[in-house]
Amino acid sequence: MDKFLNYENMFKSHLIDDVMAFWDKSDLIDKVNGGYYTAVDCYGKVYNNDKSVWFQGRCMWTYSALINKYGHNPIWEENAKTGKDFLDNHCIDNDGRMFFTVTADGKPLRKRRYFFSESFYCIAMAEYGYAMQDADALYKSEKCFDMMYKIYQNPDNDPFKITPKAYKDTRNERAAANSMVMLCTSQILRRCIPQRSGYYSEIVKIICEDMIKYFYREDLKCMLETVAFDGSFIDTPAGRTVNPGHACENSWFLMNEALYSDNNELMKKALNILDWSLNIGWDKKYGGIFYFKDILGKPEDQLEWDMKLWWVHNEAMIACLAAYGITKNESYLDYFEKITSYCMDHFHDKQYGEWYGYLHRDNTVSHTQKGTLWKGPFHLPRALMICEVLCKDIRYDRPITPFI
């Protein structure tokens, strides 16, 4: 068990002394306007002053989660609060929906159809509300979630009236990403607002059923990203696409729910998704996990299909370690150790800290910046926090309990 003590200590040290230390020294915190700049270079200097609304929520969630895990820290509290204020003051449109990107001082730049900005707002407000006993934050999280769920149930409920992205009469598609963000969001709200746990558990059950019904394919041995609205297979590049990172992430969301609800059948399917994703995604020549794969072996449509992205490997680390803790199957431990070593060898910047986000297939660095409008302190800190907890449970030979 010394192995897991070493991992446990490594993950905590890497989180606090390397990853978050990088962001603490970086230009992440906008001391003029509030909120966060995530587009920083290798050294942490901002190179794009536009702000991702996703990451206003994601950064706020990370600092709030650090408080909930390690205790109150004035810097974490201040850094979380600046996200809360910026989100409330600048990132919500008059119709209640949220922007996708804004300027440094919070003027709207882009707004998108999907509700991902809202999902990160929800988890940030819930985590912060739980950490700080802030009833206003918890209330805002609940109200935003209710709007999201209404849209999930029926897109006609969306207050953002815009021309549809595609002609549904020609091809009506269903995306796994919507179920995915609803699942994680409802699980976090259930933990942070325990007095409404029954309500969120009912929604989680519905979302899990949707994920399995529409995207889980035993015949193809994969979890698909896009299907027809009725769940049937679409033989197009989009319909054939597997995103191993999303599938690994979904697998541990589902494992978490199987633990919470003591659902052995769901656990079996969650483990199947992980098995399939590792089989499809692992690059046997260079190591690492591909970004996209075509499930029928046809040419991938995405130009970046064979790149290695940091977050994909973060999700695989969590999924493999959780699967090992639950099953004690050594193959999951082997994958966990292989993926962790790969990450520390190739993504980690040993000179300046944090991780590069994007590698070519041969594991050379593609982009040297540490942050973009899509990369900031979220996937990696979350993975390190969760893996630390899982290692401790494994070390003490304790049953794995829900971990998100």
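Those letters in the sequence shown? Residues 7 to 410, per the numbering used here, in order.
Just so it is clear, CB atoms sit at the ideal spot from N, CA and C, and this is done for glycine as well.
Note that the structure is predicted; figures quoted are calculated from it, not measured.
6 Å Cβ shell around residue i - same chain, five flanking residues per side excluded
{"i": "G377", "result": "T44, A45, V46"}
{"i": "L189", "result": "I213, F259"}
{"i": "V318", "result": "G251, I295"}
{"i": "M154", "result": "F121, E124"}
{"i": "A253", "result": "M229, I279, S283"}
{"i": "W29", "result": "P383"}
{"i": "M217", "result": "S185"}
{"i": "I439", "result": "For the chain, the structure presents residues 7 to 410; residue 439 sits outside this window and is missing."}
{"i": "Y69", "result": "W82, N85, A86"}
{"i": "I410", "result": "Q193, N262"}
Residues near residue i in its chain [Cβ-Cβ closer than 7 Å; skip 5 each side]
{"i": "P165", "result": "D101, G102, R103"}
{"i": "Y364", "result": "M313, L315, S372, H373"}
{"i": "R118", "result": "F106"}
{"i": "V187", "result": "F122, S125"}
{"i": "I324", "result": "W258, A389, I392, C393"}
{"i": "Y338", "result": "C326, A329, Y330"}
{"i": "A132", "result": "L144, S147, I194, L195, C198, I199"}
{"i": "I286", "result": "C228, V248, P250, K299"}
{"i": "K219", "result": "G237"}
Where residue i sits in the DSSP three-state scheme
{"i": "C198", "result": "helix"}
{"i": "S413", "result": "As displayed, the chain neither begins before 7 nor continues past 410, which places residue 413 out of reach and without an answer."}
{"i": "M131", "result": "helix"}
{"i": "K275", "result": "helix"}
{"i": "L21", "result": "helix"}
{"i": "L365", "result": "strand"}
{"i": "D300", "result": "strand"}
{"i": "C228", "result": "strand"}
{"i": "L313", "result": "Just to set this straight, residue 313 is Met in the shown sequence, not Leu. Note: M313 maps to coil in three-state DSSP."}
{"i": "T176", "result": "coil"}
{"i": "V52", "result": "strand"}
{"i": "T169", "result": "coil"}
{"i": "T107", "result": "strand"}
{"i": "Y5", "result": "Any answer about residue 5 is impossible in this case: the structure gives the chain only from 7 up to 410."}
Unbroken alpha helix (DSSP H) run spanning residue i, endpoints
{"i": "A141", "result": "141–159"}
{"i": "A181", "result": "It is not in any alpha helix (DSSP H) - A181 instead sits in the beta strand (DSSP E) that spans 179–181."}
{"i": "A325", "result": "316–333"}
{"i": "Q62", "result": "59–76"}
{"i": "V395", "result": "385–401"}
{"i": "K219", "result": "203–221"}
{"i": "D162", "result": "D162 -> no alpha helix (DSSP H), and no H or E assigned at all."}
{"i": "D340", "result": "336–352"}
{"i": "E263", "result": "250–267"}
{"i": "L379", "result": "Element bounds for L379: n/a, residue is neither H nor E."}
{"i": "D91", "result": "80–96"}
{"i": "G415", "result": "For the chain, the structure presents residues 7 to 410; residue 415 sits outside this window and is missing."}
Minimum Cβ-Cβ distance from residue i to chain B less than 8 Å
{"i": "L93", "result": "The question asks about chain B, but that chain is absent: this structure has only one protein chain."}
The beta strand (DSSP E) enclosing residue i, as first and last residue numbers
{"i": "S372", "result": "371–373"}
{"i": "T6", "result": "Nothing about residue 6 can be read from this structure; the chain reaches only from 7 to 410."}
{"i": "P114", "result": "114–116"}
Selection from the options that minimises the alpha carbon distance to residue i
{"i": "L272", "options": "V210, D142, D307, F296", "result": "V210"}
{"i": "N39", "options": "P114, C65, T88, N74", "result": "T88"}
{"i": "Y266", "options": "Q375, Y205, Q193", "result": "Q193"}
{"i": "I157", "options": "E133, Y134, K171, Y120", "result": "Y120"}
{"i": "W380", "options": "M391, R223, F126, K274", "result": "F126"}
{"i": "K149", "options": "I199, P170, K171", "result": "I199"}
{"i": "V25", "options": "Q159, F384, E360", "result": "E360"}
{"i": "V32", "options": "T176, Y53, N12, N15", "result": "According to the sequence displayed, residue 32 carries Ser and not Val. The residue with the shortest Cα to Cα distance from S32 is Y53."}
{"i": "C423", "options": "R223, G293, N335", "result": "What the structure shows of the chain is the stretch from 7 to 410, and residue 423 is not part of that stretch, so it cannot be assessed."}
{"i": "Q62", "options": "A322, R404, L93", "result": "L93"}
{"i": "Q357", "options": "C48, E310, L386", "result": "C48"}
{"i": "K174", "options": "D225, I410, D236", "result": "D236"}
{"i": "N85", "options": "K9, S58, A71, I168", "result": "A71"}
{"i": "V108", "options": "Y42, C65, Q139, M131", "result": "Y42"}
{"i": "L327", "options": "D368, Y297, L277", "result": "L277"}
{"i": "L112", "options": "T370, K290, N55, D140", "result": "Leu is not the amino acid found at residue 112; the sequence shown has Gly there. Checked all of T370, K290, N55, D140; the closest Cα to G112 is N55."}
{"i": "N95", "options": "L11, C65, V59", "result": "V59"}
{"i": "Q308", "options": "K291, K344, T242", "result": "T242"}
{"i": "R367", "options": "A137, K274, K9, K290", "result": "K290"}
{"i": "N369", "options": "A172, N178, I406, Y297", "result": "Y297"}
beta-carbon residue i near the ligand GTP non-hydrogen atom, thresh 7 Å
{"i": "A244", "result": "With respect to small molecules bound, the structure shown includes none, and the ligand GTP cannot be examined in it."}
Neighbourhood of residue i by C-beta distance below 8 Å, restricted to the same chain and skipping five residues each side
{"i": "E14", "result": "E394, C397, K398, R401"}
{"i": "D355", "result": "C48, W361, Y362, K376"}
{"i": "S207", "result": "R196, Y266, S267"}
{"i": "E205", "result": "The question names Glu, but residue 205 in the sequence shown is Tyr. Within the same chain, Y205 has no close Cβ partners at all."}
{"i": "H385", "result": "W316, W317, N320, E321"}
{"i": "L115", "result": "D56, F105, F106, T107, V108, T109"}
The stretch 166–186 / the stretch 214–234 touching (three or more Cβ pairs under 8 Å): Taking a cut-off of 8 Å for Cβ pairs, the stretch 166–186 and the stretch 214–234 touch, as three or more such pairs fall below it.
Contact the stretch 328–336 vs the stretch 390–402: 3+ CB pairs below 8 Å: yes
Sufficient close CB pairs (3 or more, under 8 Å) joining the stretch 70–82 to the stretch 144–160: no
contact_flag[the stretch 241–250, the stretch 300–313] where n(CB pairs < 8 Å) is 3 or more: Taking 8 Å as the limit for Cβ pairs, the verdict is that the stretch 300–313 does touch the stretch 241–250.
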